[in-house]
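Let me begin by presenting the structure, written as structure tokens, before commenting on it.
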Amino acid sequence: MPKIKTDFLIIGAGIVGLALALKLKTRFPEKEIIVLEKEETLGAHSSGRNSGVLHAGFYYYPDSLKAKFTKKGNEELTRYCEAKGLSIKKCGKVVVTKSEEDLPTLYELKRRGEANGVEVYLIDEKELKEIEPNARTFQLALWSPTTSTVNPIEILHAFKTDLEAEGVRFFFKTPYQKRLGENTVLAGDLVFSAEKIINAAGLYADKIAKDFGFGKDYVILPFKGLYLEYTGNSQFISRNIYPTPNLKNPFLGVHFTIKVDGTIKIGPTATPCFSRENYQIFSNLRFSELVEITGYLGLLFFKNPKFRSLAWDELKKYHRNYLIKEAKKLVYQMDEKGFNRWGKPGIRAQLLNKNTLELVQDFVIEGDKHSLHILNAVSPAFTACLPFAEYVVTRFF
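In short: position in the sequence shown from 1, add 9, done, that's this note's numbering.
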């Protein structure tokens with residue numbers, strides 16, 4: 010079987026894979042790049058199913074990769090959308106408190122925001138009323154004016170158009186099958202050989218990494234995110250409204266998001282699912298994945314009290330009434346009956362450290378001179394994609 014040769018072979022045409030291709034082409038314009046995608050179109054999985062929020066960057070530990078790249082990523086994608094005429098809604102975000110117990114976390118978010126160079130303000134109830142009259146808080150809230158929402162699919166296709174104009178080749182419906190040699194892989198029914206292979210395969214990144222001898226300490230656990238969308242006529246909020254989060258967990262709690270078309274949604278859930286592409290109850294179930302995932306979930310449930318508490322809370326969110334109950338705590342008024350349509354589910358490729366049984370909070374990169382593996386590219390990976398890709402290319406190439 011003849012080999013298709015290239016300089017850089019990227020596995021996965023999600024936002025991280027495309028951003029890496031852009032930065033590689035900028036740094037090495039003479040090099041050939043091929044991007045493999047197992048689906049027939051862009052955005053079939055995490056990159057096309059995320060919330061569409063461009064995060065400001067105040068949630069993350071100041072010494073983390075997430076903190077390092079989210080603010081700059083927000084700025085770069087904002088400029089990109091404006092330059093390309095892509096949809097962007099600069100609605101901002103308020104983080105509200107429910108009781109005095111939330112105030113220390115709010116102060117910590119403010120501290121992190123300042124450390125990360127993010128524009129963020131502590132505001133009182135009077136100031137909150139001017140910014141978002143319907144938001145409810147206890148004494149103080151956090152105002153993030155640079156949080157926006159975008160259409161992820163638009164950005165994916167714009168990136169692809171830019172890459173094709175630079176000669177980057179795409180192979181769709183070409184799933185990675187296995188490693189054949191040091192720098193050779195079988196994908197679909199084709200053999201590809203490259204100077205460097207970059208694994209940006211999202212939900213399957215850990216599996217591919219293990220074929221190359223990396224990711225041994227990790228496994229990806231899929232968590233399903235669902236939103237309830239509003240179909241009524243009342244535009245009762247104009248800003249994204251979030252609760253004060255539990256900073257020990259990687260999830261941000263039930264919140265209000267305004268999509269670029271003005272649709273209001275509440276959610277998400279963050280419930281474990283039993284296969285990596287198990288979007289509906291019995292869809293895409295794979296026995297080997299079911300066994301592996303349930304095994305690790307069982308270990309987590311019995312040995313990690315934080316996860317056990319998180320799991321019980323998240324399971325409740327499968328019920329529409331519970332989601333609405335949580336959302337009502339954030340506002341004075343909402344049209345409950347109007348939240349009657351479930352949005353398209355997304356699955357978060359959450360990395361688990363098998364040794365510590367802890368959910369990994371930051372991005373993880375492993376590799377050598379032959380291959381590089383992007384693990385745990387979860388939120389805010391979409392926001393951070395461009396500076397994160399630049400960092401990867403500068404450091405590892």
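We treat Cβ as the ideally placed atom computed from N, Cα and C, and that holds for glycine.
Alpha-carbon spacing of residue i relative to residue j, whole angstroms
i    : j    : result
Y341 : G101 : 19 Å
T114 : K99  : 25 Å
G197 : A218 : 18 Å
K312 : I140 : 44 Å
K12  : L308 : 43 Å
K257 : L230 : 17 Å
P389 : F78  : 9 Å
L324 : E286 : 18 Å
G224 : R295 : 21 Å
V489 : M10  : Residue 489 is absent from the structure shown; the chain starts at 10 and stops at 406.
L82  : V44  : The question names Leu, yet the displayed sequence has Gly at residue 82. Taking the straight line from one Cα to the other gives about 22 Å.
K337 : T272 : 17 Å
N242 : V200 : 53 Å
T15  : E41  : 6 Å
E298 : R145 : 42 Å
P281 : I333 : 20 Å
I19  : L395 : 16 Å
A279 : E39  : 43 Å
E123 : P154 : 14 Å
T407 : A393 : Because the chain spans 10 through 406 in this model, residue 407 falls outside it and cannot be assessed.
S408 : G352 : The requested residue 408 does not occur in the structure, where the chain is confined to residues 10 to 406.
K326 : F310 : 18 Å
I162 : G347 : 26 Å
I24  : W321 : 31 Å
E335 : A150 : 17 Å
V263 : E301 : 28 Å
Residue i - DSSP class collapsed to helix/strand/coil
i    : result
F37  : coil
K107 : coil
K274 : strand
F67  : coil
D226 : coil
H166 : helix
L51  : coil
I24  : helix
A150 : strand
D220 : helix
E46  : coil
F232 : strand
I97  : strand
F260 : coil
K268 : coil
R357 : strand
L112 : helix
N349 : strand
T158 : strand
P314 : helix
Member of the options whose CA lies at the smallest distance from the CA of residue i
i    : options                   : result
D3   : Q148, E375 and D270       : Any question about residue 3 goes unanswered here, given that the chain covers just 10 to 406.
Y213 : L360, G61 and L172        : L360
F168 : S297, S243, I374 and L95  : L95
H304 : V129, L51 and K363        : The question names His, but residue 304 is Gly in the sequence shown. Closest by alpha carbon: K363.
I206 : T87, A393, K378 and L384  : K378
L366 : V387, Y331, D226 and Y251 : D226
H328 : I275, V369 and F372       : I275
T156 : I250, F179 and T278       : I250
P277 : L235, S297, G347 and R317 : L235
I97  : V104, L86 and V103        : L86
A210 : F17, Y239, A358 and L172  : A358
V194 : D220, L172 and I132       : D220
W152 : E46, A53 and V103         : V103
H166 : R178, T50 and N349        : T50
R178 : G21, A386 and F391        : G21
R188 : S202, F180 and K182       : S202
Q289 : P354, F391 and K47        : P354
G61  : A150, E46 and I164        : I164
S284 : A386, V228 and E345       : V228
R350 : N330, L339 and V369       : N330
D371 : N208, P259, E301 and H264 : P259
D133 : Y116, G52 and G222        : Y116
CB-CB length for residue i against residue j, believed under 8 Å
i    : j    : result
I356 : K233 : 5 Å
T253 : T106 : 5 Å
F415 : N125 : The structure shown does not extend to residue 415, since the chain is modelled only from 10 through 406, so no value can be given for it.
L261 : V159 : 18 Å between Cβ atoms; not a contact.
F405 : L381 : 6 Å
L4   : Y68  : No answer is possible for residue 4: it lies beyond the span of the chain, which begins at 10 and ends at 406.
E175 : K34  : 5 Å
K80  : Y185 : No, K80 and Y185 are not in contact; Cβ-Cβ is about 33 Å, not under 8 Å.
Closer than 7 Å: residue i CB and nearest the ligand MG heavy atom
i   : result
E48 : As presented, the structure is devoid of all ligands, the ligand MG included, so that no description of it is given.
Quiz item: Do three or more CB pairs link the stretch 12 to 32 to the stretch 391 to 403 at distances below 8 Å?
Solution: yes
Quiz item: Pairing CB atoms from the stretch 67 to 85 with CB atoms from the stretch 51 to 58, are three or more of them under 8 Å?
Solution: no
Quiz item: Hey, is the stretch 125 to 139 in contact with the stretch 85 to 93, meaning 3+ C-beta pairs nearer than 8 Å?
Solution: no
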